[in-house]
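Have a look at the structure below before the remarks.
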Amino acid sequence: NMKKLRLTAAFLALLTIIAVFSASCGEKEPQSEKDNIPRAYDYADFGGAAVKKLTIDGIDISEYRIVYGADETEKYAASELAKYLSRATGKTVEVTDDSAAAAEHEIFVGKTNRESGSLVLDRESIGEESFAIRSDGNGRMMIAGGGARGTLYGVYEFLEKYVGWRFIAQDCDVIYQSKKIELKNLDDSQSPCFEWRDPYWSPYFKSDISVKRRVNFCNYPRSIPDDMGGGIRITGSFAHTMMSYTGVPMDEQPCLSDPEIYEKVIDAVQAMLDANPDARIISVTQNDNTNYCKCAKCAAVDEEEGGPSGSMIRFVNKVAEHFEKDYPNLMIHTFAYQYTRKPPEVTKPRDNVVVQICSIECCFNHSLGDSSCEKNKEFIDDIEGWSKICDNIYIWDYTLSAGEHYLTQLNSFHVFGDNLRFLAKYKVIGVFEQGEYCGGDYGYATLRAYLLSKLLWNPNVSDEVYDGWILEFIQGYYGDAWEYIYNLFKFYCNGSDPDEHIGLCPEIAENISNDYLKEHKEEVTGWISSARETAKDDPVLFERVDRCVILFDYYILGYENLDLILESVTNPSKYEESIKDELAKWQEKNTEFTKKIVNYKIAVREGKVWTEYNERLSRLSPFEW
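Per the working numbering, the very first residue in the sequence shown carries number 1200; after that it's consecutive.
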């Protein structure tokens, strides 16, 4: 009984995926369910090719030539198209620039001299990241974007939607087997729902998977080279910059009425612009505390504005006004965070100001747009208020457990789609989904990044499609062990009470309680054991499984220790007889678990990664780390 996540039965969801895929690709021969389970690409397994036959407007793919223009990103896009078409079909597709004489059948990628007739893209009317995929029915096809990044995204969309590839992790591209794919009269145009997109989970920090998944925020630790499309970058730091600009410590806030503070910020921003004259966004954001200035001048402004966001927006507006003439393309970025989250009643942000609203106080067990949730009602009021006075709104949302129990991961898969559809309703233009960014993939971190990246491009999908994404990821990433990992996932998603409010720093039992684990422990440990046994002969697959079940080992070892301690206290006479032996067994398992955390460099709390094994820590319950 899935209380929260509307997952269909495994193969019903799989059939949904197949139906959607078939509709995209035209008529195909019947295929078995097994043949359509995605898996790591293996020439031997597929008998030389996953896609036995691929035609575009009746012409075999081997008869096409890929043509690109002068842009380096679009040259890279053309090479990616050729590479993945070859891997899928086993056939080589020639690649050349548009200085070559035209061939009869061509796929031209990006801005080339080949555009004519129905294959002309009006780049002035679409965004930089928008793209079109078109064929003219006569052996000519175009994949082109409003900008080079859009072209690259169009290539990956063609490979996914029409050829069957799934780009799910840095080290995992998978493909559906197909006996025949016949594409005809393609006409597919897409634009992103959000212009700034970041599922900020460490598995998606590498540039290869970032561009495949259309993640475009490239501040540290992610860096996307220009020849791979680059991305949106905030020059300097993108959060809590007042300390570096003014020298005011992070546990304090500067006085925003102080002319000296203003001059320090102007000088700091100017220094960054001198070093980066093409900067598009610079952050002027409050330090990470609530100790805002309450001097007479600041207090008077805040009284007039209905809250301390008034002082902040007036200050940021002043900075933005100072630079707007000489730097007309520059945006000044600031926060609506904690004490500044409520919008001001008088002052509006200038047109060159971006306001990023932070959801840190919200309930993450319910949708951000759920007005029946008392924790989220105020957030709804705030975003409505900001949307009336500001056209440039970003969101800083949270998808991790940020408190004492970092390893639990926040159980919020069921609200991802609702949250992003809600934000799109208020014309939010950018979303940053803070995740586990300190190191190490474990639990369902990569799955979170995958789902969030897809929803950040287009959140307007049905529950069935979303469930299908989950299933195809788990099948593709975990191979023959997928059923056990899928069962663990369903167990995990049912762990919390759907009526409870769960904040950013949940208690252990709010995600999975001891009673819930005890009720299903035999099944859970059986799935873990079977997954490991299935993957044992494949080092890559075994590590993926091993990293995933860390999430469940954490709960199992933590609750086991609590139960043993309780038993030793409530039944002291039994301690010498049995509890001591049980504690010794627990210690052995916990030592192994602790070494694994160190080996995989997994953060045990925000900013804290163990680099060496510590015997003292291995004697502690994971809940005490």
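Glycine residues also receive a C-beta, built at the ideal position from the N, C-alpha and C atoms.
How many angstroms separate the CA atom of residue i from the CA atom of residue j?
| i | j | result |
| --- | --- | --- |
| A1277 | G1353 | 11 Å |
| S1148 | N1591 | Here the chain comprises residues numbered 1200 to 1824, so residue 1148 is not present and cannot be evaluated. |
| L1382 | E1303 | 18 Å |
| A1222 | T1793 | Annotation note: pLDDT 27 at A1222 (below 50); position unreliable, no value reported. |
| S1652 | N1337 | 35 Å |
| D1259 | S1566 | 47 Å |
| C1198 | L1703 | Outside the modelled stretch of the chain, which goes from 1200 to 1824, sits residue 1198, for which no answer is possible. |
| S1406 | Y1275 | 13 Å |
| R1647 | E1706 | 21 Å |
| H1521 | E1503 | 24 Å |
| E1671 | W1681 | 10 Å |
| D1241 | P1391 | With a pLDDT of 48 at D1241, under the threshold of 50, the modelled position of that residue is not reliable, and no figure is offered here. |
| S1388 | S1443 | 43 Å |
| V1545 | S1456 | 17 Å |
| T1539 | M1511 | 7 Å |
| P1420 | F1631 | 14 Å |
| L1819 | I1764 | 12 Å |
| D1466 | E1523 | 15 Å |
| I1778 | E1759 | 12 Å |
| N1710 | G1694 | 5 Å |
Measuring alpha carbon to alpha carbon, tell me which residue in the options is nearest residue i.
| i | options | result |
| --- | --- | --- |
| K1721 | L1750, F1690, Y1799 | As written in the sequence, residue 1721 is Glu, which differs from the Lys given in the question. It is F1690 whose Cα lies nearest to the Cα of E1721. |
| M1341 | A1331, T1533, G1430, K1274 | A1331 |
| H1700 | S1571, G1345, D1425 | S1571 |
| Q1376 | G1349, F1366, L1385, V1362 | V1362 |
| V1483 | H1439, I1265, P1391 | H1439 |
| D1762 | D1640, N1713, G1616 | N1713 |
| D1737 | P1476, A1499, G1678, I1778 | G1678 |
| E1811 | Q1537, E1293, I1801, K1626 | I1801 |
| A1601 | W1595, I1594, L1609 | L1609 |
| A1519 | K1360, D1550, A1730, N1760 | D1550 |
| E1305 | S1329, D1321, I1265 | I1265 |
| G1326 | W1395, V1294, E1293 | W1395 |
| T1580 | A1368, K1541, F1621, H1719 | The question names Thr, but residue 1580 in the sequence shown is Asp. Comparing Cα-Cα distances from D1580 to each of A1368, K1541, F1621, H1719, the minimum goes to K1541. |
| K1290 | K1252, I1711, E1451, N1789 | K1252 |
| M1530 | P1476, K1282, T1607 | P1476 |
| S1661 | F1688, F1615, A1644 | F1615 |
| V1797 | S1817, R1339, K1784 | S1817 |
| G1429 | G1349, W1364, F1357 | G1349 |
| G1318 | R1479, N1490, S1334 | Per the sequence shown, the amino acid found at residue 1318 is Leu instead of Gly. The option with the nearest alpha carbon to L1318 is S1334. |
For residue i, count neighbouring C-beta atoms within 10 Å of its own C-beta (all shown protein chains included) and say buried if the count is 16 or more, exposed if not.
| i | result |
| --- | --- |
| C1494 | exposed |
| R1543 | It should be noted that the sequence gives Pro, not Arg, for residue 1543. P1543 should be labelled buried. |
| G1725 | exposed |
| E1228 | Note on E1228: pLDDT 34, under 50, position unreliable in the model; no value is reported. |
| G1257 | exposed |
| G1806 | exposed |
| N1813 | exposed |
| Q1786 | exposed |
| N1470 | For the sequence presented, residue 1470 should be read as Ala rather than Asn. Flag for A1470 reads exposed. |
| K1310 | buried |
| L1351 | buried |
| V1464 | buried |
| K1378 | exposed |
| V1553 | buried |
| D1372 | buried |
| P1697 | exposed |
| Q1784 | The question names Gln, but residue 1784 is Lys in the sequence shown. Flag for K1784 reads exposed. |
| K1411 | buried |
| M1449 | exposed |
| V1468 | buried |
List the DSSP bridge partners of residue i.
| i | result |
| --- | --- |
| Y1593 | Q1555, G1629 |
| D1372 | F1366 |
| V1808 | A1802 |
| R1333 | M1341, D1386 |
| E1381 | T1254 |
| L1318 | S1315 |
| S1482 | H1532 |
| W1395 | G1629 |
Does residue i have its Cβ less than 7 Å from a Cβ in chain B?
| i | result |
| --- | --- |
| V1552 | Protein chains in the displayed structure number just one, and chain B is not present. |
For the region 1242 to 1311, list the alpha helix (DSSP H) runs that are entirely contained and at least 4 residues long, ordered along the chain. 1271 to 1288
Suppose only complete runs of 3+ residues qualify. What are the beta strand (DSSP E) ranges in the region 1553 to 1580, listed by chain order? none
List, from N- to C-terminal side, the alpha helix (DSSP H) runs of 4 residues or more that fit wholly inside the region 1720 to 1769. 1738 to 1769
Go through the region 1527 to 1551 residue by residue and report every complete run of the beta strand (DSSP E) that reaches 3 residues or more, in order. 1530 to 1535
What are the uninterrupted segments assigned as alpha helix (DSSP H) that are 4 or more residues long and contained completely in the region 1605 to 1686, given in chain order? 1615 to 1624, 1644 to 1656, 1662 to 1677
Quick check for students: name the residue ranges of the alpha helix (DSSP H) that lie wholly in the region 1399 to 1458, counting only runs of 4 or more. 1406 to 1411, 1441 to 1445
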